[in-house]
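Student: Residue numbers (mature numbering (1 follows the signal peptide of the UniProt record, and there is no 0)): -17 to -1, 1 to 447.
Quick one: this structure, given as structure tokens, is what I'll be asking you about.
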Amino acid sequence: MLLTANLTLSVVVIIVAENFRAVNDKYGPLARIGPNDLLTSDPEVIRRMGRTSSKPAYRRSSWYDAMKMDPYHNSLFSIRDTQAHDKLKAKLSFGYGGKENPSLEDGIDAQLGALVDLIRRKYISTALELKPIDLATTAQFFTLDALTKVAYGYAFGYLSTDSDVYDYIKETEALVPSLVMSAEVPWIGKILFSPTFLKFAGPKPSDKKGFGMMLKLAADLATTRFEPGAKDEKDMLIIAGSDTTATAIRGTLLNLMTAPHAYRKLQNEIDEAAANGSLSSPVKAEEGRKLQYLQAVIYEGLRINIPFSGLVSKEVPPEGDTINGQFIPGRTRIGQNFLAVQRSKDIFGDDADLFRPERWLDIDEAQSTQWRHHVELVFSSGRWGCSGKPVAFIELNKIYVEVSPFPGMGGYERARLIGFKRKLLRRFDMQLIFPTKPIETINKNLFFQKNMWVRVTERFPESP
């Protein structure tokens, strides 16, 4: 039965993922949250809305009108015309794939090296000196530099300067609430994205910071790339989500720092792989994919720390549709409840709220494949799936190997035992400085996180 929930207060305060989860937990997998809006926590309904073969076919709803980095022009994430979307996505897909874009992984490796260099340069603590690092912010510096290196051909320097270049993070946090309100309340979006409002308040290429500066840099790069004789490099086509990947990284690192058993298992797996020559330096993404426990950590981290909680609502076809015996009128918007899907006890067991990578080791291959498909719904599904997904998985398969919060239990003895090479830049001990308040989080569809203060020491200090 389709039931109704009043989310007015949640919309006014700023939509929080937990509010949406509570709705589907209370009212079932398909609940009404507005005059023309439904919310689903059913994985099959989410997949159904993304299938190219679905009859009738769903399209993007007015929710996407507010999802424009450049409010004057549509991007792949904001375009609503299905045919135009599919055509543009097909063009961009070659730039997002590691095999089609050989320089992609090299660009990420360079920024991984810059991350390690930053930590060693400024944040290595000793018995005599504490040098705390806000790992939440630094994780986003890494994903931003990796993104800009791949997308624009050079890193903007978040890691090298250890600063919020162009105030991107600050400006994003200020802008996102208006985008959320515009997406969830259509009449607000019509005002905020009207030509008159944008003329006075929208980002412009003449801006010296924030989205406006990003627009200018993108425009300048396009002009340079496509002038006579310019090389058409595929990395220009990459616009991966730095904010979303950063959420997965810092959340998973936090989970590891509060789960000693997971520390040890991941540490042992990586140490053994390094000892038998299975890991390069830096580790290749393909090598990371072969580490069973690392994969469990990656997928469990994505499941617990969903990167994005926006509704990404799709529109029911004009003729309507029938879902689980319930007729849904045409042009109804159906939002996707990412958190409810990933914390489903029916799918992942009674301890679905717990970070426990071992759950992935206790199941057969068929169930593991099914679970992976469920978790990958955080990137949406089918034709609406995130094109930056391959980039995100390359980053995730590298960073937990190269920069991992491992406990320093027997580090030197283990190194001598397995012949670990000191030159590998992948060994830090990390300890939360404020374990009772490990991180500050505000959810505005994106997760804005800071003050994840960590003490970092080296497991294998270099010789003086």
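Note that beta-carbon positions come from the ideal geometry of N, C-alpha and C, so glycine has one too.
(1) Quick one: what's got a C-beta closer than 7 angstroms to Pro169's C-beta in the same chain, skipping five residues either side?
(2) Can you give me the Cβ contacts of Leu379 inside the same chain, cut-off strictly under 6 angstroms, excluding the 5 residues immediately before and after it?
(3) Suppose contacts are defined by Cβ-Cβ distances below 8 angstroms. Is Asn428 in contact with Gly293 by that definition?
(4) List the endpoints of the continuous beta strand (DSSP E) containing Leu118.
(5) According to DSSP, is Ile382 helix, strand or coil?
(6) Please determine, among Asp347, Ala229, Asp334 and Leu344, the residue with the shortest C-alpha to C-alpha distance to Val374.
(7) Can you tell me which of the three DSSP states Ala(-1) falls into?
(8) For Gly318, count neighbouring Cβ atoms within 10 angstroms of its own Cβ and tell me buried if that reaches 16, exposed if not.
(9) Residues bridged to Lys433 by DSSP?
(10) If we count Cβ pairs, one from each stretch, closer than 8 angstroms, do we get three or more for the stretch 116 to 127 versus the stretch 229 to 247?
(11) Around the C-beta of Pro444, are 16 or more other C-beta atoms found within 10 angstroms, so that it is buried, or is it exposed?
(12) Considering only their Cβ atoms, is the gap separating Arg286 from Gln350 smaller than 8 angstroms?
(13) If Asp128 and Tyr149 are in contact, beta carbons under 8 angstroms, what's the gap, nearest whole angstrom?
(14) Considering only their Cβ atoms, is the gap separating Val384 from Val299 smaller than 8 angstroms?
(15) Which residue marks the beginning of the alpha helix (DSSP H) containing Asp89, and which one marks its end?
(16) Mark His357 as exposed unless 16 or more other C-beta atoms lie within 10 angstroms of its C-beta, in which case mark it buried.
(17) In the DSSP assignment, find the beta strand (DSSP E) that holds Leu21 and state where it starts and stops.
(18) Quick one: what's Thr440 bridged to in DSSP?
(19) Would you tell me roughly how many angstroms separate the C-alpha atoms of Gly368 and Phe362, rounded to the nearest one?
(20) I'd like to check one pair, Leu101 with Asp48: are the Cβ atoms closer than 8 angstroms?
Tutor: So, from the listed chains and residues:
(1) Here residue 169 refers to the residue found at position 186 of the sequence shown. Cβ within range, chain order: Ser45.
(2) Your numbering for residue 379 matches position 396 in the sequence shown. Excluding residues within five positions, the ones whose Cβ falls inside 6 angstroms are Ile281.
(3) For the purposes of this step, residue 428 is taken as residue 445 along the sequence shown, with counting starting at 1. For the purposes of this step, residue 293 is taken as residue 310 along the sequence shown, with counting starting at 1. Closer than 8 angstroms, so yes.
(4) Within the sequence shown, numbered from 1, the residue matching residue 118 stands at position 135. From DSSP, Leu118 is part of no beta strand (DSSP E) but of the alpha helix (DSSP H) over Leu118 to Tyr135.
(5) Here residue 382 corresponds to residue number 399 of the sequence shown, with the count starting at 1. DSSP places Ile382 in helix when its eight states are reduced to three.
(6) Here the question's residue 374 lines up with position 391 in the sequence shown. With distances taken between Cα atoms, Val374 lies closest to Ala229.
(7) Here residue -1 refers to the residue found at position 17 when the sequence shown is read from its first residue. In the structure shown, Ala(-1) sits in a helix (DSSP, three-state: H, G or I).
(8) Counting from one through the sequence shown, the residue named residue 318 turns up at place 335. With 16 or more Cβ atoms within 10 Å of its Cβ, Gly318 is classed as buried.
(9) Residue numbering aside, residue 433 sits at position 450 when the sequence shown is read from its first letter. The partner list for Lys433 (beta bridge, DSSP) reads Glu423.
(10) yes
(11) As a first step, residue 444 is located in the sequence shown; it is residue number 461 there, counting from the start. Flag for Pro444 reads exposed.
(12) Indexing the sequence shown from 1 puts residue 350 at position 367. Indexing the sequence shown from 1 puts residue 286 at position 303. No, Cβ-Cβ distance for Gln350 and Arg286 is not below 8 angstroms.
(13) Within the sequence shown, residue 128 is the residue found at index 145, counting from 1. Within the sequence shown, residue 149 is the residue found at index 166, counting from 1. That pair is no contact at about 13 angstroms.
(14) Walking along the sequence shown from the start, residue 299 turns up at place 316. Walking along the sequence shown from the start, residue 384 turns up at place 401. Contact flag unset, no.
(15) Translated into positions along the sequence shown, residue 89 becomes position 106. Taken as a continuous stretch (DSSP letters only), the alpha helix (DSSP H) holding Asp89 covers Ser86 to Lys105.
(16) Position 374 of the sequence shown holds residue 357. The residue in question, His357, is buried, as its Cβ has 16 or more Cβ neighbours within 10 Å.
(17) On the sequence shown, residue 21 is found 38 positions in, with the first residue counted as 1. That run of the beta strand (DSSP E) goes Asp20 to Thr23.
(18) Here residue 440 is taken as the residue at index 457 of the sequence shown, counted from 1. Partner(s): Asp412.
(19) Here residue 368 corresponds to residue number 385 of the sequence shown, with the count starting at 1. Here residue 362 corresponds to residue number 379 of the sequence shown, with the count starting at 1. The alpha-carbon atoms of Gly368 and Phe362 are separated by roughly 6 angstroms.
(20) In the sequence shown, residue 48 corresponds to position 65, counting from 1. In the sequence shown, residue 101 corresponds to position 118, counting from 1. In this structure, Leu101 does not lie closer than 8 angstroms to Asp48 by Cβ.
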